[in-house]
Amino acid sequence: MLHRSHLYGVMGEFASPEELIHAVKRVREAGYRRVDAYAPFPVEGLSEALGLRHSLVPTLTLTGGLLGGVGGFLFQFWVAAVTYPMNIGGRPLNSWPAFIPVTFELAVLGAALFSVFGMLALNKLPQPHHPVFNVDRFSHATTDRFFLCIEARDPKFHLEEVARLLQSLHAHHVNEVEDD
Amino acid sequence: MSAGQPPLDSPDIRRLTPVLGPGHTFASVTDKISAIVLTRPISVGWFVGFGIAFSIVGMLTIALGWLIVKGVGIWGINIPIGWGFAIVNFVWWIGIGHAGTLISAILFLLNQKWRTSINRFAEAMTLFAVACAGIFPLIHTGRPWMAYFMFPYPSTMGIWPQFRSPLIWDVFAVSTYGTVSLLFWYVGLVPDLATLRDRAVQKPAKIIYGMLSMGWRGSARHWHRYQSTYLLLAGLATPLVLSVHTVVSFDFAIAIVPGWHTTIFPPYFVAGAIYSGFAMVLTIAIPLRKVYGLEDFITMRHLDNMAKVMLATGLIVAYGYFFEFFMARYSGNKFDMFLVDQRLHGPYAPFYYALILCNILTPQLLWFYKIRHNVTVLFIMSIVVNIGMWLERFVIVVISLTRDFVPSAWGRYSPTGWDWATFIGTIGLFVMLIFLFVRVLPAISIAEMRELVAETSEKDK
Chain A
1 MLHRSHLYGV MGEFASPEEL IHAVKRVREA GYRRVDAYAP FPVEGLSEAL GLRHSLVPTL
61 TLTGGLLGGV GGFLFQFWVA AVTYPMNIGG RPLNSWPAFI PVTFELAVLG AALFSVFGML
121 ALNKLPQPHH PVFNVDRFSH ATTDRFFLCI EARDPKFHLE EVARLLQSLH AHHVNEVEDD
Chain B
181 MSAGQPPLDS PDIRRLTPVL GPGHTFASVT DKISAIVLTR PISVGWFVGF GIAFSIVGML
241 TIALGWLIVK GVGIWGINIP IGWGFAIVNF VWWIGIGHAG TLISAILFLL NQKWRTSINR
301 FAEAMTLFAV ACAGIFPLIH TGRPWMAYFM FPYPSTMGIW PQFRSPLIWD VFAVSTYGTV
361 SLLFWYVGLV PDLATLRDRA VQKPAKIIYG MLSMGWRGSA RHWHRYQSTY LLLAGLATPL
421 VLSVHTVVSF DFAIAIVPGW HTTIFPPYFV AGAIYSGFAM VLTIAIPLRK VYGLEDFITM
481 RHLDNMAKVM LATGLIVAYG YFFEFFMARY SGNKFDMFLV DQRLHGPYAP FYYALILCNI
541 LTPQLLWFYK IRHNVTVLFI MSIVVNIGMW LERFVIVVIS LTRDFVPSAW GRYSPTGWDW
601 ATFIGTIGLF VMLIFLFVRV LPAISIAEMR ELVAETSEKD K
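Going line by line, the protein sequences match chains A and B.
Counting from 1, one number per residue, gives the positions in the first sequence under the working numbering.
Counting from 181, one number per residue, gives the positions in the second sequence under the working numbering.
Right, here's the structure in full:
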């Protein structure tokens with residue numbers, strides 16, 4: 001196995017989303033698993049081509065919503081009926097319908113916070129530097145170019161073979177990605 | 181579009197006025213939108229506009245400073261009119277904010293492609309409007325440095341907020357709304373900030389956009405989770421936006437004051453909010469597309485659609501006005517009937533007639549295709565609706581408070597110069613923030629425009 005420690009992977013550049021998806025499928029068929037694609041917008045069908053499973057984001061969002069809603073309601077109950085009860089004309093202390101607006105708002109707030117910060121955490125962002133930025137042409141990944149990177153940690157990784165595979169898929173440029 | 185007027189109401193109109201001008205590629209939309217921020221020199225017009233807005237913000241600062249020194253006595257409020265301009269302006273601003281979330285969340289869920297080029301600045305408009313709105317409840321407490329009393333925190337006095345009060349609901353609704361709108365806006369901005377980072381030439385811009393973009397690199401795994409979050413945020417923001425103005429309307433509807441205590445308030449407030457919000461989006465979009473040459477992105481189709489939404493929500497608002505009258509007569513409640521009579525014949529009747537003119541009669545012109553496609557008329561009309569919606573809140577707040585149950589509790593209200601200085605000051609703040617936003621952040625979502633290019637080019641094949 002030809003494995004250089006300072007190599008992150010090999011990256012191919014494509015001009016259109018269709019080319020990228022085609023390439024991803026072929027690379028996956030060839031048995032590579034440590035593969036990532038980079039695109040300037042969410043390309044339809046790319047997640048499926050890469051075999052990405054359901055993300056954890058919806059579960060996290062639900063958790064946040066439940067925590068916010070249930071916690072918010074119980075908190076209001078505790079304030080209004082337990083720690084600071086106010087007898088106003090003998091009305092019930094646990095006046096739950098009056099707690100619904102705040103319960104709803106806190107459920108939404110909890111869900112939104114968990115969703116966004118959960119997504120960032122799962123994506124390991126913020127991450128100021130990443131080896132792919134070492135490739136000069138990668139700056140086009142946020143404009144109009146599509147990249148496919150086969151990473152060196154893939155058990156099947158072999159520099160020449162991977163480069164040949166990407167070339168055979170009509171990648172416009174094939175670059176080695178330095179790891180620093 | 182100058183290229184041949186399409187026949188009136190022809191089925192081809194959709195095709196002839198697309199959501200994106202022809203011939204655009206991933207690179208061309210990126211270039212065009214990012215150039216406004218990165219390469220375009222700052223024009224004299226921008227400086228003049230910004231300068232005017234900035235001096236108005238100066239006036240706002242003075243008005244707020246004097247308020248803090250002297251207290252709310254510098255305003256025109258009195259007993260019985262404890263809620264003067266502060267609440268009128270608060271409701272007006274928070275209503276304006278609603279269109280941004282509606283465009284970005286509800287139209288996203290409904291898969292309306294035309295939202296793409298207007299959602300970014302509409303969301304920015306929401307944030308700025310919420311910021312302006314937030315000032316008013318804060319300062320009308322009289323001692324704004326005590327405003328943290330509203331939040332439940334373990335105080336040494338052992339006191340907790342009254343969660344049965346709509347005013348506390350308001351605190352939670354508005355702060356949640358502000359937070360979620362900010363998150364939604366920022367999540368949408370991250371890929372575009374990465375674009376700006378990669379295209380910026382000057383070092384400081386590269387560093388600032390780099391930090392803000394959090395190292396976004398467009399990885400498919402990231403997009404996968406990102407899309408999930410974006411969709412969920414849209415789903416969360418949709419009921420949220422409807423709840424916010426509902427809660428604002430509860431501030432009135434929960435009270436027993438005649439003219440406020442009605443069940444129609446929540447839906448009618450929400451419709452009014454969307455109405456004024458779309459009017460404000462038009463007020464901003466029309467000059468923006470003209471000045472920055474964005475006619476290919478914000479096409480006549482967008483303006484036409486927004487005008488239609490305005491017309492539809494305007495009709496819901498008209499229905500609300502009608503039912504206020506109907507229910508007052510139908511209930512047979514003499515206080516409600518008297519209040520309705522006071523709207524028509526009382527001391528503030530001119531405001532009411534002006535409101536009917538601005539909010540119900542003028543927008544009926546939007547039924548006509550030619551009016552919807554006349555940019556100047558549309559611009560003027562959007563301002564008329566904004567004025568009308570402000571008058572609506574004035575009528576609701578002032579007439580009800582000046583005509584309470586017993587004549588001994590009646591009064592009159594007129595704003596002072598400080599009231600006006602504060603109100604106009606927040607308009608200056610809003611305009612200034614819009615000016616800054618257009619220069620430092622992409623006013624149109626670049627990533628979503630590229631998606632739109634991908635979809636339209638697929639359709640052509």
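Here a beta-carbon is modelled for each residue, glycine too, at the ideal position from N, C-alpha and C.
- Interface annotation for the segment 361-386 of chain B against chain A: L363, F364, Y366, V367, V370, P371, D372, A374, T375, L376, R377, D378 and R379, criterion Cβ-Cβ distance under 9 Å.
- Per DSSP, reduced to three states, the secondary structure at L125 of chain A is coil, with no helix or strand assignment.
- Beta-carbon to beta-carbon, F458 of chain B and A279 of chain B are separated by about 5 Å, close enough to satisfy the 8 Å threshold.
- Legend: CB atoms of the segment 334-345 of chain B lying less than 8 Å from CB atoms of chain A belong to residues G338, I339, W340, P341, Q342, F343 and R344.
- C149 of chain A: member of the beta strand (DSSP E) spanning F146 to E151, first to last residue.
- Separation of Q127 of chain A and A121 of chain A (C-alpha to C-alpha, rounded to the nearest whole angstrom) is 10 Å.
- For Y38 of chain A, the enclosing beta strand (DSSP E) begins and ends at V35 to Y38.
- Around F603 of chain B, the same chain offers F265 and N269 as residues with beta carbons nearer than 7 Å, after the five sequence neighbours per side are excluded.
- Interface criterion met: the Cβ of N123 of chain A is under 8 Å from a Cβ in chain B.
- As the crow flies, the alpha-carbon of A215 of chain B is around 12 Å from that of A207 of chain B.
- The contact set of P126 of chain A on chain B, defined by CB atoms closer than 7 Å, consists of M394 and G395 in chain order.
- The Cβ atoms of F331 of chain B and V102 of chain A lie no closer than 8 Å to each other.
- In this structure, DSSP gives L7 of chain A an extended state, which the three-state scheme calls strand.
- For a cut-off of 8 Å, the C-beta gap from L169 of chain A to A37 of chain A is around 12 Å, too long to register as a contact.
- Secondary structure at V43 of chain A: coil, using DSSP grouped into helix, strand and coil.
- Partner residues in the beta bridge of V174 of chain A, as assigned by DSSP, are A:G12.
- Between G398 of chain B and A39 of chain A a beta carbon distance of about 5 Å is seen, short of the 8 Å cut, so the two are scored as contacting.
- Close CB contacts of A141 of chain A within its chain, under the 6 Å cut and outside five residues either way in sequence, are with Y38 and F147 (chain order).
- Counting C-beta pairs with one atom in each stretch, the segment 285-292 of chain B and the segment 617-634 of chain B have fewer than three that are closer than 8 Å, which means they do not touch.
- Within a 10 Å sphere around the beta-carbon of E13 of chain A sit 16 or more other beta-carbons, which makes this residue buried.
- About 6 Å separates the beta carbons of N539 of chain B and E572 of chain B, which is inside the 8 Å limit, making them a contact pair.
- Per DSSP, V24 of chain A is one residue of the alpha helix (DSSP H) stretching across P17 to E29.
- If you check each beta-carbon in the segment 43-70 of chain A against every beta-carbon of chain B, the ones closer than 7 Å belong to L46, S47, L50, L52, S55, V57, P58 and T61.
- With contacts defined by Cβ atoms closer than 8 Å, L420 of chain B and T493 of chain B do not form a contacting pair.
- At a cut-off of 8 Å, the C-beta of L621 of chain B has no neighbouring C-beta in chain A.
- Proximity of chain B to P131 of chain A at the Cβ level (cut-off 7 Å) is not reached, the minimal Cβ distance being about 10 Å.
- Note on geometry: alpha-carbon atoms of F75 of chain A and L93 of chain A lie some 13 Å from one another.
- At least one CB of chain B lies nearer than 8 Å to the CB of P17 of chain A.
- The secondary-structure analysis by DSSP pairs S399 of chain B across a beta bridge with A:Y38.
- Chain B has a Cβ within less than 8 Å of the Cβ of S95 of chain A.
- Only exposed fits S588 of chain B, as fewer than 16 other CB atoms lie within 10 angstroms of its CB.
- Contact between the segment 403-423 of chain B and the segment 383-394 of chain B is absent, with fewer than three C-beta pairs closer than 8 Å.
- For A112 of chain A, a Cβ of chain B is located within less than 8 Å of the residue's own Cβ.
- The beta carbon of E105 of chain A sits closer than 8 Å to some beta carbon of chain B.
- Using a Cβ distance threshold of 8 Å, G275 of chain B and H425 of chain B count as a contacting pair.
- When only Cα atoms are considered, E18 of chain A and Q342 of chain B end up about 58 Å apart.
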